[in-house]
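Chains as they are written, first to last, in the numbering used here: chain A, 1 to 256; chain B, 1 to 252. Using N, Cα and C, we set each Cβ at its ideal position, and we do this for glycine too. Just below is one structure, and these are the notes that go with it.
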């Protein structure tokens, strides 16, 4: 600590170089997890949003929708938004997963397949499940708000030209709503990218895990954490740029 | 406005005086990672208790030191010492050459070895047999060092966690083939879990846990060492050992 703070003399590149495999693997893992969770989370989030918006006009469907779609979806969203993601990750990995996938007593998968799955991909599966379930809760609210922002007249117009409610949703409402939902969806994707760092707690070798390992081995914090900060930042910049392009393209098609 | 400024200045002066007086015998901050039963863990009253805590308290009492124990995650414990957030560390820290280059240690206060925990059905008999298998270790622990040296620092077969309970849970959940850690804690946890067993690889060197201070903090190191000798001599060490491990310190 007596050494002067000169970035290139004092900054220990050698320990980053020594662990570079861990950093590359970590960055790749973070990237893959983000992409998979954004896709799964958006799909599941759309289902949740549609469940929350379900309002059939005729009995008994009004009751079915209320008890089997709207209420469960509302409770789900409230639970996953109302508890910390970190807690959800630990709960899913150490409590929920062993019940379903366990070499000796898995309800869903057991025996050698369970052993193989848990050992090769256990933390990844738990991490993806937790992040997907969590982000879907947030994304469903984005979808819900987006869909509700499209005026009722659009829906009626679609129905009047002979579309079924599903077709109205698919061809009239969602395409318009999507453009409004793009910025908040982008926000969610960026949040998700950063939230992957929490999965290091269950031993998944992503970026934060690499930094923690190096920090633990050398009791040095500048190098590993600055390095992964830069990587996360670059990743979010790329994501932001892609989203901006998409927004521009959608705006152009609107004008033309 | 003026009176506020005067009050502030007075307060500042008083604080400076108090701090200066305190520097004579100020409270020492002790870091310990309280997920390390039976060495250090939190009881239901949120007090940190355990073998390490009793030892450091006995030493402090003997030497007339005022101490305060703070729960610090093991991964960040050396960082906390480096930063000056804490004055000393007692947290089942194994004395080794690498650490001795950066920190000063008291003589060992506990004889430690590594122990491998496995499912009952496992056929693994030694560290070498773990090649190609998944091993859970606590980040930055001695087990992490050994596994990193044996199987490569960046090996995907090494799974690092924050604490010993997590590596045992991961093993019990079938996520890894083995967990490795210090004998005291691993034996304690495995005894609670009938599906697990331990193996004692004779190639692991005998190691000791030491109390850690900043490099060059000779005054404190001498006090701790003298205190440790004294509590060994007056029998309180043996009593604490018996309390936590239910056997005599010299029994193997």
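Endpoints, beta strand (DSSP E) assigned at residue 70/B = Start and end: 67–71.
Could you tell me the boundaries of the beta strand (DSSP E) in which residue 243/B lies?
-> Taken as a continuous stretch (DSSP letters only), residue 243/B belongs to no beta strand (DSSP E), being part of the alpha helix (DSSP H) at 236–245.
Name the DSSP bridge partner or partners of residue 118/B?
-> Paired residue(s): 197/B.
Do the CB positions of residue 318/B and residue 97/A come within less than 8 Å of each other?
-> A query on residue 318/B cannot be resolved here, the shown segment of chain B reaching from 1 to 252 and no further.
Unbroken beta strand (DSSP E) runs of length 3 or more, entirely within the stretch 29–80 of chain B: which are they?
-> Segments of the beta strand (DSSP E) lying fully in the stretch 29–80 of chain B: 40–42 and 67–71.
Opposite residue 151/B in the DSSP bridges: which residues?
-> DSSP, once it has assigned bridges, lists no residue as partnering residue 151/B.
Within 8 Å of chain B by C-beta, residues of the stretch 112–123 of chain A in sequence order | Taking 8 Å as the Cβ-Cβ cut-off against chain B, the residues of the stretch 112–123 of chain A that qualify are 114, 115, 118, 119, 122 and 123.
Unbroken beta strand (DSSP E) run spanning residue 161/B, endpoints | Looking at the DSSP string, the run of the beta strand (DSSP E) that includes residue 161/B is 158–161.
If you measure from the beta carbon of residue 21/B to each beta carbon in chain A, is any gap under 8 Å?
-> Reliability of the predicted coordinates at residue 21/B is poor, the pLDDT of 45 falling under 50, and the value obtained from them is presented with this limitation in mind. Taking Cβ atoms only, chain A never reaches closer than 8 Å to residue 21/B, which makes this a no.
From the DSSP output, in three-state form, read off residue 113/A for me.
-> Helix.
Classify residue 94/B as helix, strand or coil using the three-state DSSP reduction.
-> Three-state result, residue 94/B: strand.
Any chain A beta carbon closer than 8 Å to residue 176/B = Interface residue (Cβ-Cβ distance to chain A less than 8 Å): residue 176/B is classified as such.
Who pairs with residue 104/B in a beta bridge, going by DSSP?
-> Residue 104/B is bridged to 213/B.
N-terminal and C-terminal residue of the beta strand (DSSP E) that residue 253/B is part of | Absent from the structure is residue 253/B, since the part of chain B shown begins at 1 and ends at 252.
Endpoints, the beta strand (DSSP E) within which residue 135/B is located | Looking at the DSSP string, the run of the beta strand (DSSP E) that includes residue 135/B is 135–138.
Limits of the unbroken alpha helix (DSSP H) element including residue 80/A | Annotation for residue 80/A: the continuous alpha helix (DSSP H) segment containing it runs 71–82.
Considering only residues of the same chain and omitting the five flanking positions on each side of residue 171/A, which have a CB-CB separation below 8 Å?
-> Apart from the 5 residues on each side of it in sequence, residue 171/A sits with its Cβ closer than 8 Å to the Cβ of 158 and 163 in its chain, given in chain order.
Hey, is residue 37/B's beta-carbon within less than 8 Å of any beta-carbon in chain A?
-> With 8 Å as the cut-off, residue 37/B does not count as an interface residue toward chain A.
Under 8 Å by Cβ, that's how I've got residue 53/B and residue 40/B pegged, so tell me the actual separation to the nearest angstrom.
-> At roughly 6 Å, the Cβ-Cβ gap stays under 8 Å, so residue 53/B and residue 40/B are in contact.
Using a Cβ cut-off of 8 Å (strictly closer), state whether residue 252/A contacts chain B.
-> Interface with chain B (8 Å Cβ-Cβ cutoff): residue 252/A is excluded.
Measure the C-alpha to C-alpha separation of residue 108/A and residue 27/A and round it to an integer number of angstroms.
-> Using only the alpha carbons, I get a separation of about 31 Å.
Taking residue 89/B and residue 81/B to be in contact with their CB atoms under 8 Å, please state how far apart those CB atoms are, rounded to whole angstroms.
-> Right, the Cβ-Cβ distance comes to about 6 Å (below 8 Å), so this counts as a contact.
Check whether the Cβ of residue 134/B lies closer than 8 Å to any Cβ atom in chain A.
-> By this cut-off, residue 134/B is an interface position.
Would you check if the distance between the CB atom of residue 152/B and the CB atom of residue 119/A is smaller than 8 Å?
-> In this structure, residue 119/A does not lie closer than 8 Å to residue 152/B by Cβ.
Neighbour flag for residue 78/B against chain A, beta carbons, 8 Å | At least one chain A Cβ lies under 8 Å of residue 78/B.
Looking at chain A, which residues of the stretch 171–205 of chain B have a Cβ within less than 9 Å of any of its Cβ atoms?
-> Using a CB distance below 9 Å, the part of the stretch 171–205 of chain B facing chain A consists of 172, 173, 174, 175, 176, 177 and 195, ordered along the chain.
To the nearest angstrom, report how far apart residue 52/A and residue 183/A are at their CA atoms.
-> Distance between the alpha carbons of residue 52/A and residue 183/A: 22 Å.
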